[in-house]
Amino acid sequence: MAETARTEKREFQTEVKQLLHLMVHSLYSNKEIFLRELISNASDAGDKLSFLALQDDSLFEGDGDLRIWIEPDKEAGTLTLRDNGIGMTRDEVVANLGTIARSGTAEFLRQLSGDQKKDSRLIGQFGVGFYSAFIVASRVEVFTRKAGAPASEGVYWSSEGDGQFELGEAELAERGTRLVLHLRDDEKEFLDSWRLKSLVRKYSDHVAVPVMMREEPAPAEDGDDTPAPAWEQVNAATALWTRGKSEISDEEYQDFYKHVSHDYSDALTWSHNRVEGKLDYTSLLYVPGKAPFDLWQREAPRGLKLYVQRVFIMDDAEQFLPLYLRFIKGVIDSNDLSLNVSREILQNDRTVAALKAAMTKRALGMLEKLADNDAEKYQQFWDEFGAVLKEGPAEDYANREAVAKLLRFASTQTGDAAQNVSLADYVGRMKEGQKAIYYVVADGHRNAVGSPHLEVFRKKGIEVLLLSDRIDEWLMSHLNEFDGKPLQDVARGALDLGELEDEAEKKAHEETDKQFASLTAEIAKILEADVDSVRTTHRLTDSPACLVVAEHDMGAQMRRILEAAGQKVPDAKPILEINPEHPLVQRLNQEGSDERTRDLVMVIYEQARLAGGDNLKDAAAYVQRINKLLLELSS
């Protein structure tokens with residue numbers, strides 16, 4: 001029995017107060033998950049002790065049999081969960097039970113909407129952990145002692161989840177952690193042994209640490225004392241990934257996903273493999289159904305759970321997958337690594353490099369299989385993680401083609417903003433004689449759809465991919481071809497449609513160039529500070545002009561992103577292309593007034609900037625020129 005002394009009251013971190021309130025109200029409909037979360041934490045505590053004991057087996061304190069015990073007490077109205085894992089010091093109790101020391105917490109809280117259904121999904125992504133106890137308990141007590149510490153350094157923690165917690169000292173002979181949940185009156189169902197056992201088997205059968213409960217005592221015969229009930233193991237306590245795939249149900253795979261990821265939602269798909277040969281390992285990889293709130297925080301924890309010969313080594317081992325696959329969750333268990341491997345050793349280990357290559361191919365293969373077999377689920381994946389996967393071609397040259405097959409884009413063919421067109425889909429619809437895969441990059445889907453560079457493609461019925469994610473221009477700078485066909489930006493360089501234009505059209509373009517040679521020279525002189533050159537174009541049908549990026553210059557989207565980040569970008573001027581069929585350009589070609597010519601040239605140029613998504617250098621001057629020309633027309 002523990003004795004506590006010298007307790008003090010402390011305030012929860014503000015974020016904890018918010019999370020507690022939201023958790024109790026938003027997750028109440030699935031309150032039984034509290035048991036899964038607490039058992040998962042106890043299992044992690046055992047894993048951590050096993051790992052540390054590799055270097056110092058005195059931490060076992062003479063008892064290396066790890067266990068988790070569950071004790072309901074109907075008379076007292078309490079449910080006790082106890083483990084003999086690593087335990088916590090006083091400082092760790094304050095850090096783990098009084099604050100949320102996790103990057104992105106503030107951003108997570110900002111995303112909360114007040115809609116309990118939506119917020120419950122967010123909370124699930126964040127991970128409910130220890131605080132889930134307050135879903136069913138009006139008061140929670142914690143008794144804990146760090147393995148290897150003296151009994152006098154036990155810690156007592158207590159709270160009613162109301163904004164404060166009590167902290168004190170406790171004399172604890174046993175290492176590990178004991179949670180005492182004082183259940184609310186309407187939660188006494190969780191004191192029923194049969195109910196508890198069924199929940200353990202449902203959610204935690206795969207937990208490798210045995211979960212123990214007292215057996216129901218047999219009725220005593222007349223005159224006999226009731227025997228003390230013995231402890232029985234409730235779960236299988238076999239690491240799920242070590243079992244054969246045919247022995248594991250989908251429900252068990254999903255429960256294990258929630259255990260390793262601390263996610264509240266189901267996984268979209270998974271891949272379970274045992275490999276023997278040059279490498280000897282087992283892997284179980286999952287694709288989540290929802291993106292975590294901290295997906296874009298590069299310092300956020302990521303990676304697989306690493307086991308060596310079934311001994312837990314570390315959480316978030318990021319060395320086994322590239323950064324663009326940071327959303328993948330799961331376990332890798334290797335027989336080829338040393339039990340005393342550290343993060344530093346992993347950085348330079350050849351076996352790790354080979355395992356990373358294998359895990360990457362496995363993950364990409366899992367996604368390809370999902371795309372081939374379940375388009376709806378793959379679209380769900382893409383909507384959540386597509387922008388991250390687009391980092392792949394730049395980061396992983398060896399798997400560039402495999403990643404390219406998985407990419408999805410909006411297109412002029414579909415007519416909406418949904419990114420659901422693969423490069424293979426596009427290639428399958430290419431016109432006879434079409435040599436390139438055409439795309440346009442813009443800030444926003446609407447700007448992409450309205451780009452003047454699409455006009456000739458619409459006229460000829462040629463499909464163009466519409467790229468509007470911030471990462472798209474950078475992606476395309478590292479993805480030059482697909483299936484042997486080059487990818488061509490329709491707003492870059494001179495447009496050559498090759499066999500898609502007949503000889504008569506090409507000859508007409510040459511004649512037009514000669515007819516407008518003097519005008520293009522005059523416009524170039526007026527705009528010499530703003531454009532590199534001026535030429536006629538055949539890519540426009542409705543607009544008077546457009547701006548084109550030189551073949552090897554940085555595109556407008558990337559330039560704007562770098563400038564917004566305060567980075568210096570190389571000087572480069574665009575090329576102005578004018579449409580000789582447009583009435584404004586034809587009027588300009590006949591204009592005799594130098595002043596009006598200059599005004600018209602500036603208006604056409606500035607409209608081309610606006611159509612390309614750029615800001616004007618002098619918006620007021622543009623408005624004045626427009627008003628002046630309108631007044632002349634009305635007079």
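Counting in the UniProt record's numbering, the sequence shown runs from 1 upward without gaps.
From the three backbone atoms N, C-alpha and C, an ideal C-beta is built for every residue, glycine too.
What does the alpha-carbon distance come out to for the pair residue i and residue j?
i: E11; j: N41; result: 23 Å
i: K356; j: V569; result: 35 Å
i: K197; j: N235; result: 8 Å
i: P229; j: V341; result: 43 Å
i: A101; j: Q309; result: The predicted model places A101 with a pLDDT of 44, which falls under 50 and marks its position as unreliable; any figure quoted below should be read in that light. For A101 and Q309, the distance between alpha carbons rounds to 31 Å.
i: F126; j: E299; result: Per-residue confidence for F126 stands at a pLDDT of 48, beneath the threshold of 50, marking its modelled position as unreliable; no derived number is given.
i: R326; j: K48; result: 23 Å
i: L339; j: V311; result: 8 Å
i: L306; j: L346; result: 11 Å
i: L540; j: M558; result: 24 Å
i: H478; j: Y397; result: 9 Å
i: D185; j: A417; result: 51 Å
i: R609; j: D315; result: 50 Å
i: A95; j: R343; result: 23 Å
i: A137; j: L181; result: 6 Å
i: D443; j: S468; result: 5 Å
i: K17; j: V449; result: 46 Å
i: L367; j: K202; result: 28 Å
i: R362; j: N84; result: 36 Å
i: T536; j: R446; result: 26 Å
i: M376; j: P574; result: The sequence given here places Glu at residue 376; Met does not occur at that position. Looking at the two C-alpha atoms, the distance is approximately 41 Å.
i: K9; j: S158; result: 9 Å
i: D57; j: Q297; result: 37 Å
i: I123; j: S283; result: Since pLDDT at I123 reaches only 47, below the 50 mark, its modelled position is unreliable, and no value is offered.
i: A53; j: R243; result: 26 Å
Is there a C-beta anywhere in chain B that falls below 9 Å from the one on residue i?
i: V136; result: Looking at the structure shown, chain B is missing, and only one protein chain is on hand.
Tell me where the beta strand (DSSP E) around residue i begins and ends.
i: M430; result: Per DSSP, M430 belongs to no beta strand (DSSP E) and is neither H nor E.
i: residue 656; result: A question about residue 656 goes unanswered here, because the residues of the chain that appear run from 1 up to 635.
i: L600; result: Unbroken run through L600 is the alpha helix (DSSP H), 594-611; no beta strand (DSSP E).
i: residue 669; result: A question about residue 669 goes unanswered here, because the residues of the chain that appear run from 1 up to 635.
i: D333; result: 329-334
i: T536; result: 533-536
i: I68; result: 68-73
i: V155; result: 154-159
i: R298; result: Premise fails: R298 is in no beta strand (DSSP E) and is neither H nor E.
i: N273; result: 267-275
i: K485; result: 485-489
i: Y307; result: 304-308
i: I313; result: 311-317
i: A137; result: 137-145
i: L81; result: 78-83
i: L547; result: 545-548
i: A170; result: 164-170
How far does the alpha helix (DSSP H) with residue i in it reach, from first residue to last?
i: E215; result: Here E215 belongs to no alpha helix (DSSP H), and DSSP marks it neither H nor E.
i: T360; result: 350-373
i: A176; result: Strictly speaking, residue 176 in this sequence is Gly, with Ala absent from that position. It is not in any alpha helix (DSSP H) - G176 instead sits in the beta strand (DSSP E) that spans 176-183.
i: Q254; result: 250-261
i: Q515; result: 503-515
i: A621; result: 619-634
i: M476; result: 472-476
i: W194; result: 193-203
i: R36; result: 33-53
Between residue i and residue j, is the Cβ-Cβ spacing less than 9 Å?
i: M602; j: A621; result: yes
i: L475; j: V531; result: no
i: W69; j: T80; result: yes
i: F134; j: V142; result: no
i: P322; j: T360; result: yes
i: L191; j: K74; result: yes
i: K146; j: M213; result: no
i: L304; j: F320; result: yes
i: F34; j: S193; result: no
i: residue 636; j: R90; result: Outside the shown range of the chain, which is 1 to 635, sits residue 636, and nothing can be said about it.
i: Q379; j: N420; result: yes
i: L547; j: D614; result: yes
i: W231; j: V331; result: no
i: F385; j: A291; result: yes
i: I578; j: I523; result: yes
* With a cut-off of 8 Å, do at least 3 Cβ pairs link the region 458-478 to the region 430-444? -> Three or more pairs of CB atoms, one per stretch, sit closer than 8 Å, so the region 458-478 contacts the region 430-444.
* To do: Indicate whether the contact test is met: 3 or more Cβ pairs, each with one atom in the region 367-385 and one in the region 242-258, closer than 8 Å.
  => The region 367-385 vs the region 242-258: no contact.
* Asked: Unbroken alpha helix (DSSP H) runs of length 4 or more, entirely within the region 392-467: which are they?
  -> Entirely contained in the region 392-467, the alpha helix (DSSP H) runs reaching 4 residues are, in chain order, 392-395, 400-406, 423-428, 445-449, 455-460.
* Are the region 172-190 and the region 145-155 touching by the rule of at least three beta carbon pairs closer than 8 Å? -> A contact exists between the region 172-190 and the region 145-155.
* Asked: Within the chosen definition, does the region 402-418 reach the region 489-500 through at least 3 CB pairs nearer than 8 Å?
  -> Result no; under three Cβ-Cβ pairs closer than 8 Å.
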